[in-house]
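Residue numbers (our numbering), protein chains in the order written: chain A, 1 to 207; chain B, 208 to 414. Notes to accompany the following structure.
2 protein chains.
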Amino acid sequence: MPGPDTKQRILDAAQTLFAERGFPATSLREITKLADVNLAAVNYHFGSKDGLLKELVNECIEPINKERIRQLDAAEAEAGGQPLVLRDLVRIFIEPAVREMCEENGSMPCVLSRLHHEPHAGLEEMMADILGPTISRFIAATHRCLPHRTPEELMIRGHFMVGAMLHLLDFNCEELMPVPGVNKEVISDYDFRLEQLVSFCTAGFDG
Amino acid sequence: MPGPDTKQRILDAAQTLFAERGFPATSLREITKLADVNLAAVNYHFGSKDGLLKELVNECIEPINKERIRQLDAAEAEAGGQPLVLRDLVRIFIEPAVREMCEENGSMPCVLSRLHHEPHAGLEEMMADILGPTISRFIAATHRCLPHRTPEELMIRGHFMVGAMLHLLDFNCEELMPVPGVNKEVISDYDFRLEQLVSFCTAGFDG
DNA sequence: GTATGAATAAAACAATCGTTTGTTTTCGAA
DNA sequence: TTCGAAAACAAACGATTGTTTTATTCATAC
Numbered sequence: 001m002p003g004p005d006t007k008q009r010i011l012d013a014a015q016t017l018f019a020e021r022g023f024p025a026t027s028l029r030e031i032t033k034l035a036d037v038n039l040a041a042v043n044y045h046f047g048s049k050d051g052l053l054k055e056l057v058n059e060c061i062e063p064i065n066k067e068r069i070r071q072l073d074a075a076e077a078e079a080g081g082q083p084l085v086l087r088d089l090v091r092i093f094i095e096p097a098v099r100e101m102c103e104e105n106g107s108m109p110c111v112l113s114r115l116h117h118e119p120h121a122g123l124e125e126m127m128a129d130i131l132g133p134t135i136s137r138f139i140a141a142t143h144r145c146l147p148h149r150t151p152e153e154l155m156i157r158g159h160f161m162v163g164a165m166l167h168l169l170d171f172n173c174e175e176l177m178p179v180p181g182v183n184k185e186v187i188s189d190y191d192f193r194l195e196q197l198v199s200f201c202t203a204g205f206d207g
Numbered sequence: 208m209p210g211p212d213t214k215q216r217i218l219d220a221a222q223t224l225f226a227e228r229g230f231p232a233t234s235l236r237e238i239t240k241l242a243d244v245n246l247a248a249v250n251y252h253f254g255s256k257d258g259l260l261k262e263l264v265n266e267c268i269e270p271i272n273k274e275r276i277r278q279l280d281a282a283e284a285e286a287g288g289q290p291l292v293l294r295d296l297v298r299i300f301i302e303p304a305v306r307e308m309c310e311e312n313g314s315m316p317c318v319l320s321r322l323h324h325e326p327h328a329g330l331e332e333m334m335a336d337i338l339g340p341t342i343s344r345f346i347a348a349t350h351r352c353l354p355h356r357t358p359e360e361l362m363i364r365g366h367f368m369v370g371a372m373l374h375l376l377d378f379n380c381e382e383l384m385p386v387p388g389v390n391k392e393v394i395s396d397y398d399f400r401l402e403q404l405v406s407f408c409t410a411g412f413d414g
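The structure is reproduced here in structure tokens:
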């Protein structure tokens, strides 16, 4: 009865539910019910629940990462051996993730930020494989940008940047803390968030 | 056979396992086996698995929060109506958490940072009840410190700070990213981490 | 038309889950 | 010593988990 897009419908449903309740707390029966497909379809198409998760994550972070590398290549080619402007460097790392995840894939940020904090068998290695080279290049470029900082300082500040970014990505999942005088429209705007995050991290790297 | 400290042994074991595998992925049987107590002891002492989690979290974040309030009271009294130094303010928010969690409770950071990203029934409200007043006071003090920033800017940057802090707290759980030239001793030192985080967030708030 | 293979469907699999039961042990107060 | 509440225990509860099996549908190639 359901169309030929069973696989994609499973992925969509899984994304929604993983974002809502997390991976271990979501059952295949909930997923297949939301996707309106048969229970066995998950194991047929993905081999296992873990396989579903891996394909979902890979489908999301790989394009983000390629975009980062593309922008970094372009910026370094244009700079012609000169160090990049720090703010540009930070933006190259942050923007593709925020853009892709907040605009195209509304619920994926929650999934990803959760997975960063909830290790899963084989998933850390997958993340490291995909993200490792990018991070190495980014740190190296940052070092050329801020030669007075030690490798340890650069590394741990890169870590802080990732933390701030992941926390931003998870923002839509939480209740906003009631702060008097805050305009919710302003703070919900992705461009505002992106610029604030870039400013925060750029200053933080150099501070 | 086991001593009269059953409750504490359950809390300790739960903390360890929640940090390793996360709350939903940890079974009561694993906990009670590690704690060397009977399975039914959890429901006897805590009412339910959720009750165990709540007591564990509460036991951890409440002293941190009280210490933050205490330091904030002292600093504001000493300043006598004058705005605080931003760096001092940031430190008051960050230091009690890093100190308590990294030195006394080795595995609790993982649990907490995970819970921040994996909502659980009734736990968000508990966190908000405990942390809400502190955050309000902190934002207000920050506003006096940086009157040229809008409430939206202060709020979202406070959010970034929390993200960076949680990510730092989770640092010991992860593999360190291989960056050439990094001295692992330096980067493992809590004082170094604390100072770096304070510098990063202080600069980020004003940047 | 018939055969072939992928996709879907229904049903059952063994295992594990959190929880509850009824009983036994422990230990200080009466 | 006796009593009784608190604690610990073994055992089982019903429900749900991921997975597998078996059968059916359906389009395409012969």
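Positions of the beta carbon are idealized from the N, C-alpha and C atoms, including for glycine.
For Phe200(A), the three-state secondary structure derived from DSSP is helix.
Only buried fits Val37(A), as 16 or more other CB atoms lie within 10 angstroms of its CB. Within the region 390-409 of chain B, the residues whose Cβ lies closer than 8 Å to some Cβ of chain A are Asn390, Val393, Ile394, Phe399, Arg400, Gln403, Leu404, Ser406, Phe407, Cys408 and Thr409, listed in chain order. A check of alpha carbon separations from Gly158(A) across His355(B), Glu360(B) and Arg400(B) identifies Arg400(B) as the nearest.
Neighbours of Ala164(A) in chain B, taken as residues at a C-beta separation under 7 Å, are given in chain order as Phe367, Gly370 and Ala371.
In this chain, Gly80(A) is not harboured by any alpha helix (DSSP H), its DSSP state being neither H nor E.
Taking 7 Å as the Cβ-Cβ cut-off, the region 229-259 of chain B approaches chain A at Gly229, Pro231 and Ala232, given in chain order. Collapsing the DSSP output to three states places Arg114(A) in a helix. Listed in chain order, the alpha helix (DSSP H) elements of length 4 or more contained wholly in the region 244-307 of chain B are 247-253, 256-286 and 293-306. Taking the CA atoms as reference points, Arg275(B) sits about 40 Å from Asn58(A).
Counted as a single uninterrupted DSSP element, the alpha helix (DSSP H) harbouring Phe367(B) occupies residues Pro358 to Leu376. Against chain A, the CB of Gly329(B) has no partner CB under 8 Å away; the residue lies outside that interface. Judged by DSSP secondary structure, Leu330(B) falls within the alpha helix (DSSP H) whose first and last residues are Leu330 to Cys352. For the set Gly51(A), Val90(A) and Glu125(A), the Cα lying nearest the Cα of Gln71(A) is the one of Val90(A).
Between Met165(A) and Ile94(A), the CB-CB gap stays under 8 Å. Identification of chain B residues near Leu168(A) by a Cβ-Cβ cut-off of 9 Å yields Ile363, His366, Phe367 and Gly370, ordered along the chain. In this structure, Leu376(B) sits away from Leu322(B), with a CB-CB distance that is not shorter than 8 Å.
Counting the other Cβ atoms within 10 Å of the Cβ of Pro326(B) gives 16 or more, which makes it buried. The C-beta of Val85(A) has fewer than 16 other C-beta atoms within 10 Å across all chains shown, which makes the residue exposed. When Cβ-Cβ separations below 8 Å define contact, Ser314(B) makes no contact with chain A.
One finds Ala410 in chain B with Cβ atoms closer than 7 Å to the Cβ of Asp206(A), taken in chain order. Cβ proximity to chain A below 8 Å picks out His324, Glu325, Pro326, Glu331, Ala335, Gly339, Ile342, Ser343 and Ile346 from the region 324-355 of chain B. Cβ-Cβ distances below 6 Å link Ala35(A) to Arg9, Ile10 and Ala13 in the same chain, with the five nearest sequence neighbours on each side left out; the list follows chain order. Ser188(A) sits in a helix when the DSSP states are folded into three classes.
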